[in-house]
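Reading through the structure tokens given below for one structure.
Number of protein chains: 2
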Amino acid sequence: MLIDNLEMVKDLARGAVLLGTGGGGDPYIGQLLLQQQIREGRFVELIDASELADDALVVSIAGVGAPTVLVEHLQANDVCQRLLDRMERYMGRKVDAIIPVEVGGLNSIIPLALGAQVGLPVINADGMGRAFPHIEMTTFSVYGNTACPMFIENELGDAVTIEKTTTDRKTEDIARVVTGTLGAMVYSSLYPMSGHDVKTKAILGSMSYCLEIGRGIREARINYDDPFEGLLKILDQPENDRHAKILFDGKIIDTKRETRDGLHVATIKMIGIDDPSDVFEIEVQNEYLVATRNGETVCIVPDLIATLDRESAEPVTGEKLKYGQRLKILGLAASPIMRRPECLEVFGPSAFGLSEEFICVEDNKIK
Amino acid sequence: MLIDNLEMVKDLARGAVLLGTGGGGDPYIGQLLLQQQIREGRFVELIDASELADDALVVSIAGVGAPTVLVEHLQANDVCQRLLDRMERYMGRKVDAIIPVEVGGLNSIIPLALGAQVGLPVINADGMGRAFPHIEMTTFSVYGNTACPMFIENELGDAVTIEKTTTDRKTEDIARVVTGTLGAMVYSSLYPMSGHDVKTKAILGSMSYCLEIGRGIREARINYDDPFEGLLKILDQPENDRHAKILFDGKIIDTKRETRDGLHVATIKMIGIDDPSDVFEIEVQNEYLVATRNGETVCIVPDLIATLDRESAEPVTGEKLKYGQRLKILGLAASPIMRRPECLEVFGPSAFGLSEEFICVEDNKIK
């Protein structure tokens, strides 16, 4: 599929906010970068993993840093080009395609902007099926690939390479402290993989799903009185392993937030539109981790929590939430691969220090 | 000069403790590594910078980390070999010689052990003329070379490269946080330079001076009733720009120390052997920074403060100082190049947050 017009980019960015589950960095910056490419006549091809040769060289390109800082950075194009160059020099061969490390947030769009700029296809897949705060939280890593060599660079040209580590968690720890030293926001090329790796380990079809969501919201505003009705027809298709429901309809009465160890940590408290005794809370570590309604867990990582304007169904990022805002909260099932025990170990509740067990969002009591 | 016997190594290590001015990491580990090489018949050539071709490729090899942790690490040989390999791969050519980044502490001996292992000469020069806590505190850096690319590795094989930064201070900051993440102690190859750079920017003759000091102490114990008398004949030669004096003769009554941000931070308090009202203090940041006698500054960085056993004149590292210990404290003039204004800016008192002006140790009131 060729991404060749500005509306597709807006749709992608809208979908990426929803799949960013509160975090992942605001895709708006990526939208501007990609729209600039398209205006200048450089389009980008989104290809299915099945189109890759098994021995193709595929790499990820991603921003790393606190999303509250991320929104202030714009000169990503040159940095990403240099990161691709460094990866190619190290690997001793040309990169054949780019794969987003995460479909949620800024890192879904950055690869498209770079792909358009350098003429490389982007794969219709990713490693997170949403956004996560850590580099090691990918199906790539769970199934044996490593983030290294990971090339890091900022706009000043400061350049660091994490060449090899014993675990991707250590790569994450190093990338985090290096990012802090280099100004809280950097870009990276990482996860060099083969075409075969992508076909067997990635979350397939996630980029076109992102586009489908963004376009679906836009069209639902025209075709339905309540756009959520149209949106849920896309998100909730049990026959296709898609499950979604509205978890809450309310307004924000409190937000506590801080940037801690380079992470955006927050708690969002809401009450029902019609019933102030109906209390809803979301815990945030860059992304939404867990939602409780009247003290009961109704959605938990890696399942997705999304905050949307209750009238327009426009997805809203976590750092934009503010007192008094009226939202509908969606809960979405993660991709089946992400609910496997080996995956839950790396990005399930316990990986974030939560004591709750994972429960499937479709199994909660909310109708 | 060929370093081919165990006594030379002990002499070098003894001199390196004195020139380490309290820090630099205990050379004892380096002594063991180098003695092992020599026992196995691998000697190392110490060559003068003048013997280098102008276009020779010279690199430094150094341990980075808190010296209190440093003493617990032993498997440096393989790590240093890998670091040399990585530098050569990156530069696309063989390294011709190794230069110690600092003549004080462990990092004076590590390059010799590696040189013996791989058959490379080590240059009779360094970049600090003593030990300093930061990577950017070298004459190399002051006069325009950069520490990058800096290759970092630990015994587990975790490998990070600081490829390029806008300042060596930033390289230091990155190396420091990476070191903390990789286990508080790593080795590195850094400061790739030309032979011409070394001839014009290094502190020349410092390694043979280190050997001269270590041997001088050993011989002075035999030839003098008071070994300090013999030692001062080496250290205090005004005609050769060497100045030294005994700053204090006393015992330790208090030591305050902590490891903070990967640095060994301490205050050593002493009183006179015969006069408890005669008070002497040393401030430490890995190395001794400033010595005061009864509140008056008598020696300050980059001039060298050395703590020696008051009977045997054996130099003692800062982390080994303890309550009740009887010491003579020496003050030594830094190499003239290091007292230039552009050098004082990088490793003079203000670079360590001290408000005192630099004063030459030979100009204090102590006779």
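Here the protein sequences come in this chain order: A and B. So the first sequence is residues 1079 to 1445, counted in our numbering. So the second sequence is residues 1079 to 1445, counted in our numbering. Virtual Cβ for every residue (Gly too), placed ideally from N, Cα, C.
Check: Which residues in the same chain have their Cβ closer than 8 angstroms to the Cβ of Glu-1150 (chain A), if we skip the five residues on either side of it in sequence?
Finding: Bear in mind that a pLDDT of 49 at Glu-1150 (chain A), under 50, signals an unreliable position, so the number given afterwards is only what the model happens to contain. So the qualifying residues of the chain are Met-1263.
Item checked: Chain-ordered chain A contacts of Asp-1251 (chain B) [CB-CB under 8 angstroms] -> Scanning chain A for C-beta atoms nearer than 8 angstroms to the C-beta of Asp-1251 (chain B) yields Thr-1259, reported in chain order.
Notebook entry, point to check: Which ranges does the beta strand (DSSP E) cover as unbroken runs of at least 3 residues, wholly within the region 1127-1183 of chain A, from first to last along the chain?
Noted result: Restricted to the region 1127-1183 of chain A, the beta strand (DSSP E) segments that are unbroken, complete and at least 3 residues in length are 1135-1143, listed in chain order.
Check: Can the beta-carbon of Pro-1348 (chain A) be found closer than 8 angstroms to that of Lys-1334 (chain A)?
Finding: The sequence shown places Met at residue 1348 (chain A), rather than the Pro named in the question. Cβ distance not < 8 angstroms, so Met-1348 (chain A) and Lys-1334 (chain A) don't count as in contact.
Item checked: Beta-ladder partner(s) of Arg-1247 (chain A), from DSSP -> According to DSSP, which records beta bridges pairwise, Arg-1247 (chain A) is partnered with nothing at all.
Next item on the list: Name the two residues that bound the continuous alpha helix (DSSP H) containing Ile-1300 (chain B).
Entry: Taken as a continuous stretch (DSSP letters only), the alpha helix (DSSP H) holding Ile-1300 (chain B) covers 1284-1301.
Margin query: Taking CB distances under 8 angstroms as the criterion, tell me whether Phe-1436 (chain B) reaches chain A.
Written below: Not one beta carbon of chain A lies nearer than 8 angstroms to the beta carbon of Phe-1436 (chain B).
Margin query: Between Lys-1400 (chain A) and chain B, is any beta-carbon pair separated by less than 8 angstroms?
Written below: No - not a single Cβ of chain B is within 8 angstroms of the one on Lys-1400 (chain A).
Next item on the list: Taking C-beta pairs closer than 7 angstroms, name the residues in chain A that Ile-1213 (chain B) reaches, listed in chain order.
Entry: Listed along chain A, no residue sits closer than 7 angstroms to Ile-1213 (chain B) by beta-carbon distance, the nearest being about 13 angstroms off.
Notebook entry, point to check: With DSSP run on the structure shown, which of helix, strand or coil describes Gly-1328 (chain A)?
Noted result: Gly-1328 (chain A): strand per DSSP, three-state reduction.
Check: Using 8 angstroms as the limit for Cβ to Cβ distance, is Ile-1139 (chain A) near chain B?
Finding: Chain B has no Cβ within less than 8 angstroms of the Cβ of Ile-1139 (chain A).
Checklist line | Closer than 7 angstroms at the beta carbon, the chain B residues around Ala-1225 (chain A) | finding: Residues of chain B passing the Cβ test: none, with the nearest at roughly 13 angstroms.
Checklist line | Interface partners of Leu-1341 (chain A) on chain B, CB under 8 angstroms | finding: The contacting residues do not exist; Leu-1341 (chain A) stays about 16 angstroms from chain B at best.
Next item on the list: Please name the residue in A:Glu-1231, A:Thr-1249, A:Pro-1211 whose C-alpha comes closest to that of Asn-1223 (chain A).
Entry: It is A:Thr-1249 whose Cα lies nearest to the Cα of Asn-1223 (chain A).
Note to self: Tell me which residue opens and which closes the alpha helix (DSSP H) that Thr-1224 (chain A) is part of.
What the structure shows: Neither: Thr-1224 (chain A) is in no alpha helix (DSSP H) and is coded neither H nor E.
Next item on the list: Give the DSSP-derived three-state secondary structure of Gly-1431 (chain A) in the structure shown.
Entry: Gly-1431 (chain A) carries a coil assignment under DSSP once its states are collapsed to helix, strand and coil.
Margin query: Run through the DSSP bridge pairs and tell me what Pro-1393 (chain B) is partnered with.
Written below: Answer is B:Leu-1386.
Next item on the list: Assign Ala-1203 (chain B) to one of two classes, buried (16 or more other C-beta atoms within 10 Å of its C-beta) or exposed (fewer than that).
Entry: Ala-1203 (chain B) is buried by the Cβ-count criterion.
Notebook entry, point to check: Which first and last residues belong to the beta strand (DSSP E) in which Phe-1436 (chain B) is found?
Noted result: Here Phe-1436 (chain B) belongs to no beta strand (DSSP E), and DSSP marks it neither H nor E.
Note to self: For the structure I just gave you, are there three or more beta carbon pairs, one from the region 1124-1135 of chain A and one from the region 1424-1433 of chain A, closer than 8 angstroms?
What the structure shows: Counting Cβ pairs under 8 angstroms, fewer than three are found: no touch.
Margin query: Which residues does DSSP list as the beta-bridge partners of Val-1122 (chain B)?
Written below: Beta bridge pairing from DSSP links Val-1122 (chain B) with B:Ile-1081.
Checklist line | chain B contact for Glu-1241 (chain A) (CB, 8 angstroms cutoff) | finding: Among the residues facing chain B, Glu-1241 (chain A) is included, as its CB has a counterpart in that chain under 8 angstroms away.
Note to self: So if I threshold CB-CB distances at 9 angstroms, which residues from the region 1151-1170 of chain B count as touching chain A?
What the structure shows: Hits within the stretch, in order: Arg-1164.
Notebook entry, point to check: So which residues on chain A does Val-1264 (chain B) lean against when the C-beta distance must stay under 7 angstroms?
Noted result: Under the 7 angstroms cutoff, chain A gives no residues; its nearest Cβ is about 11 angstroms from Val-1264 (chain B).
Next item on the list: Kindly indicate the opening and closing residues of the alpha helix (DSSP H) around Gly-1308 (chain A).
Entry: Where Gly-1308 (chain A) is concerned, the enclosing alpha helix (DSSP H) stretches over 1305-1313.
Check: Which class does Thr-1370 (chain A) belong to by DSSP, given the choice of helix, strand or coil?
Finding: Three-state DSSP puts Thr-1370 (chain A) in a strand.
Next item on the list: Decide if the region 1278-1293 of chain A is in contact with the region 1174-1183 of chain A; the criterion is three or more beta carbon pairs, one per stretch, under 8 angstroms apart.
Entry: At 8 angstroms Cβ cutoff, the stretches touch.
Next item on the list: Starting from the C-beta of Glu-1361 (chain B), find all residues in its chain whose C-beta is less than 7 angstroms away, skip the five residues before and the five after it, and write them out in chain order.
Entry: The beta carbon of Glu-1361 (chain B) sits closer than 7 angstroms to the beta carbons of Thr-1345, Leu-1367, Val-1368 from its chain, once the five residues preceding and following it are set aside; these are given in chain order.
Notebook entry, point to check: Ends of the alpha helix (DSSP H) at Thr-1278 (chain A)?
Noted result: First-last of the alpha helix (DSSP H) with Thr-1278 (chain A): 1273-1279.
Notebook entry, point to check: Between A:Arg-1338, A:Asn-1364, A:Arg-1371, A:Asp-1339, which lies nearest to Pro-1354 (chain A) when the distance is taken from Cα to Cα?
Noted result: For Pro-1354 (chain A), the closest of A:Arg-1338, A:Asn-1364, A:Arg-1371, A:Asp-1339 by C-alpha to C-alpha distance is A:Arg-1371.
Check: For the putative contact between Val-1122 (chain B) and Val-1200 (chain B), defined by C-beta atoms under 8 angstroms, what is the C-beta separation to the nearest angstrom?
Finding: For a cut-off of 8 angstroms, the C-beta gap from Val-1122 (chain B) to Val-1200 (chain B) is around 6 angstroms, short enough to register as a contact.
Checklist line | Residues of the region 1102-1136 of chain A whose Cβ lies closer than 8 angstroms to any Cβ of chain B, in chain order | finding: Along the region 1102-1136 of chain A, none of the residues has a CB nearer than 8 angstroms to a CB of chain B.
Checklist line | Phe-1468 (chain B) - DSSP class collapsed to helix/strand/coil | finding: Residue 1468 (chain B) lies beyond the residue range present for chain B, which begins at 1079 and ends at 1445; the question has no answer from this structure.
Next item on the list: Give the straight-line distance between the Cα atoms of His-1342 (chain B) and Ala-1298 (chain B), rounded to the nearest whole angstrom.
Entry: Distance between the alpha carbons of His-1342 (chain B) and Ala-1298 (chain B) is about 32 angstroms.
Notebook entry, point to check: Are the beta-carbon atoms belonging to Asp-1251 (chain A) and Thr-1243 (chain B) less than 8 angstroms from one another?
Noted result: Result no, Cβ atoms of Asp-1251 (chain A) and Thr-1243 (chain B) do not sit closer than 8 angstroms.
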